[in-house]
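Residue numbering for the sequence shown follows the working numbering, starting at 259 and increasing by one per position. For reference, the structure is listed below as structure tokens.
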Amino acid sequence: ICLNAKKCKFFRTEIKILGNIISRGVIKVDPEKTEQIRSYPLPTNVRELRSFLGLVNYCREFVKGFATLTGPLYEMLTGEKKNSTKKVVLDKKKQEDFRKIKEKLCENIMRVQPNFQKELILVTDASDYGIGAVLLQKDDMGNERMISAFSKKLDKCQRNYSVTDKELL
């Protein structure tokens with residue numbers, strides 16, 4: 259392995275890596291990425307909607323219930339070709355979903371590195387569109403801090419499962 263000295267950064271308390279900012283046990287989404295999300299216009303065709311969902315998908319580990327949040331917009335892509343310029347019309351509900359996604363992802367979201375000497379807390383949840391889990395840990399002040407979030411969109415068969423069965427997936 260060869261290192262390029264010009265690209266190396268030493269003695270930093272904060273570093274930007276793969277679109278995330280890592281500093282002293284905390285991982286945050288790069289503000290440039292959140293600004294891209296914040297300024298993304300309402301999609302007018304399939305390609306733009308797919309592009310938006312790809313952009314926000316990058317932040318899925320930071321958001322509890324990501325699959326449930328994005329599920330209604332992903333449903334609009336069912337059966338559509340990848341680069342289709344077919345028009346999409348977002349009704350009031352879908353526009354509200356779009357706004358909520360942007361709002362949630364532009365909050366000051368962060369994850370912490372786990373301390374394996376402390377207790378971990380796993381919280382699971384299920385909805386009509388997806389299942390999710392959040393791994394938490396209490397800090398020294400007793401506040402629950404997120405280590406990671408997981409969510410998965412349910413297929414048509416899985417949507418018929420009971421809530422208990424969904425949470426066991």
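Note that CB positions come from ideal geometry on N, CA and C, so glycine has one too. None of the values given here were measured: they were computed from a predicted structure.
Cβ pair residue i, residue j closer than 8 angstroms
| i | j | result |
| --- | --- | --- |
| Leu-363 | Leu-380 | no |
| Glu-338 | Ala-384 | no |
| Gln-395 | Lys-376 | yes |
| Leu-307 | Val-347 | no |
| Phe-374 | Ala-391 | no |
| Tyr-332 | Leu-300 | no |
| Lys-267 | Gly-277 | no |
Residues of its chain near residue i, where Cβ-Cβ distance is below 6 angstroms and the 5 sequence neighbours each way are ignored
| i | result |
| --- | --- |
| Ser-342 | Val-304 |
| Met-368 | Val-284 and Lys-286 |
| Gln-416 | none |
| Leu-427 | Ile-389 |
Residues near residue i by beta carbon distance below 8 angstroms, same chain, minus five either side
| i | result |
| --- | --- |
| Lys-351 | Pro-330 |
Nonlocal neighbours in the same chain, by C-beta distance under 7 angstroms from residue i, ignoring five residues either side
| i | result |
| --- | --- |
| Ile-359 | Val-314, Leu-327 and Thr-328 |
| Lys-410 | Ala-325, Gly-388 and Ile-389 |
| Ile-279 | Glu-272, Lys-286 and Asp-288 |
| Arg-403 | Val-370, Leu-394, Gln-395 and Asp-397 |
| Lys-344 | Asn-303, Val-304 and Glu-338 |
Reference residue i, options the options, closest by Cα
| i | options | result |
| --- | --- | --- |
| Gln-371 | Arg-296, Lys-267, Pro-289 and Ser-406 | Ser-406 |
| Tyr-298 | Ala-263, Lys-265 and Phe-356 | Phe-356 |
beta-carbon residue i near the ligand FMN non-hydrogen atom, thresh 7 angstroms
| i | result |
| --- | --- |
| Asp-413 | The ligand FMN is not part of the structure shown, which contains no ligands of any sort. |
Secondary structure, alpha helix (DSSP H): runs of 4+ residues fully inside the stretch 268-305: 289-296
Assess contact between the stretch 283-291 and the stretch 313-322, defined as three or more Cβ pairs (one per stretch) separated by less than 8 angstroms. Is contact present? yes
Just to confirm the assignment: which complete alpha helix (DSSP H) runs, minimum length 4, are found wholly within the stretch 307-391? 324-333 and 350-363
Just to confirm the assignment: which complete beta strand (DSSP E) runs, minimum length 3, are found wholly within the stretch 392-419? As far as the stretch 392-419 is concerned, its whole beta strand (DSSP E) runs of at least 3 residues are 402-411.
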